[in-house]
Amino acid sequence: MNPDSRRLRFVYFLIAGSGLVSVARAMSLSFLAVKLQKSFGLGPAAIGILLGTGPLLGAIAAPFAGSLSDRVGRVLMLVLMLALTALALIGMGFAQSVTAFCAAQIVAAVSIAVYEPISRALMSDICPPERRLKYFSWRYMVANAGWAVGPLIGVAAGTALSAMFMVAGCIYAVFATALHLLGTPETVDAEKSESHRQPSVVESIRSAARDPRLAFFVGGGTLLLAVYGQWSATLAPYLGATMEGGVDIFAYLLSINGLVVLVGNLFARRLIEKVGALHAMVLGCVLILASELGFLASSSFTGFALFMVLFTVGEILVVPSEYLLVDGICNARNRGSYFGAHSFSTIGNFFGPALGGLMLGAFGGTGMFLTFAAFAAASAVMFTIGMRMPPPHPRAEGAPASSAIEVSGLSRRLHYA
């Protein structure tokens, strides 16, 4: 089998694996709050702190793990993270005390947070530049399909939540074993990478931290995730408090969001190919901004449904565009460091719901939706500024002076003057 065919099969394997582990996560971790409340009697505050601790630690650990993957290999790090997640999930299934359950949950959350950026970096390693958007869009769509199917399996399992954690752990273990047996394919720029000295973990982190482009991308990504990352956590209480039948409306909006992601993914990819990653990112931010203002003005299901479609279109534009923008400022030697550092933007998943809930309680829907609209606008500005920033000084080895994002055979040269 020639290297190109092997790489292509490996990409398909990673995409299928992403869907599989998304099902595993959704059918088990979606019900964490239920498990903590019913089995261990924890209150909302304790549950919130626990569920936020693991991902927050993961956001801190990801830059170091990403840099380490630049040196020891992505597949080795992914197998390790998948194995840790498998053991943690199985441990959650067996746990009889709240301490043991919480410890296992934190290990699982950190491992998952570290897995994601390294997995994206590996996709970039083995995909030709002109195909990265296509395959990343497929990965995003399959993962969303997993999140649509997984909760239904969990609901069907009923009270057998412990069994669901064990089954999910076994799925992760199977994926880890298969990934280990499959081995590491040759990367598309292996020769170029081998011709340079591989920087140390500290050097890689320092290089990523000194890149002003990445700093603006992290800032913009943080604000965006604060808006769309946990949108259900802020929209649900608003609908429940202000709309008759708000719970039913919210359930329909969840379905609309999932349907638009699956149906609109192909059209979003073609638009990004046509206009470029930055323009698509700005357009997505504008659509999210408009949808937040639309939610504020809506007073019926029709209005909320319409603006949920708009919101989701914005989401499926910004997610792959952000991936392309980060991919465009790194190379084979520092890709893990850059994607790892960029994953620090996941802190937006924590302060978004917290700040949104605070604004909702203090100023009602007006304060919450206007805050999120401002975040979307500020994010568009930050990504635009980041694209215009100069690269770090050449002494920061590994950071390219400029980079070309290949989109469907069309080379879009990014200028940073």
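Quick note on my numbering: the sequence shown kicks off at -8 and runs consecutively. Every residue gets a Cβ at the ideal spot worked out from N, C-alpha and C, and that includes glycine. All values reported here derive from a predicted model rather than from experimental measurement.
Candidates the options: closest to residue i by CA position
i, options, result
"L278", "G237, A371 and A200", "A371"
"S128", "D318, L245 and L257", "L257"
"S198", "S58, V252 and G212", "S58"
"E283", "V218, S246 and N340", "V218"
"F295", "F207, A323, V238 and G267", "V238"
"S223", "G212, M234, A206 and N248", "N248"
"R(-3)", "C118, S21, A94 and L33", "C118"
"G43", "A24, G211 and V63", "A24"
Continuous alpha helix (DSSP H) stretch holding residue i: start and end
i, result
"M373", "G339 to R379"
"G174", "Where G174 is concerned, there is no enclosing alpha helix (DSSP H), given that its DSSP letter is neither H nor E."
"L316", "F292 to D318"
"F286", "A268 to A288"
"M234", "Segment: none, M234 is in no alpha helix (DSSP H) and carries neither H nor E."
"D202", "First-last for D202: undefined, no H or E at that position."
"F22", "No alpha helix (DSSP H) holds F22; DSSP gives it neither H nor E."
"F330", "R326 to H333"
C-beta contact flag for residue i and residue j at 9 Å
i, j, result
"V273", "T168", "no"
"F330", "S115", "yes"
"V14", "T175", "no"
"A7", "V133", "yes"
"L250", "L230", "no"
"A281", "A139", "no"
"P228", "G339", "no"
"G319", "A268", "yes"
"A52", "V12", "no"
"P203", "P383", "yes"
"P344", "Q221", "yes"
"L73", "F166", "yes"
"T303", "V252", "yes"
"L301", "G285", "yes"
Residues near residue i in its chain [Cβ-Cβ closer than 6 Å; skip 5 each side]
i, result
"G84", "S153, F156 and M157"
"S19", "M155, F156 and A159"
"G275", "G305, L308 and V309"
"A368", "L280"
"F4", "none"
Same chain, Cβ closer than 8 Å to residue i, five either side skipped, listed in chain order
i, result
"L351", "T225, P228, Y229, G358 and M359"
"R260", "L124, K125, S128 and P311"
"S9", "S110, R130, V133, A134 and G137"
"A148", "M18, A154 and M155"
Nonlocal neighbours in the same chain, by C-beta distance under 7 Å from residue i, ignoring five residues either side
i, result
"S289", "F295 and F298"
"M68", "A56, L59, S60 and I109"
"T337", "P46, A50, A104 and L216"
Next item on the list: Note down, one range per segment and in chain order, each alpha helix (DSSP H) of at least 4 residues found wholly within the segment 91 to 169.
Entry: Listed in chain order, they are 123 to 148.
Checklist line | Within the segment 35 to 82, ranges of the beta strand (DSSP E) (whole runs, at least 3 residues) | finding: If only uninterrupted beta strand (DSSP E) runs of at least 3 residues are considered, none is enclosed by the segment 35 to 82.
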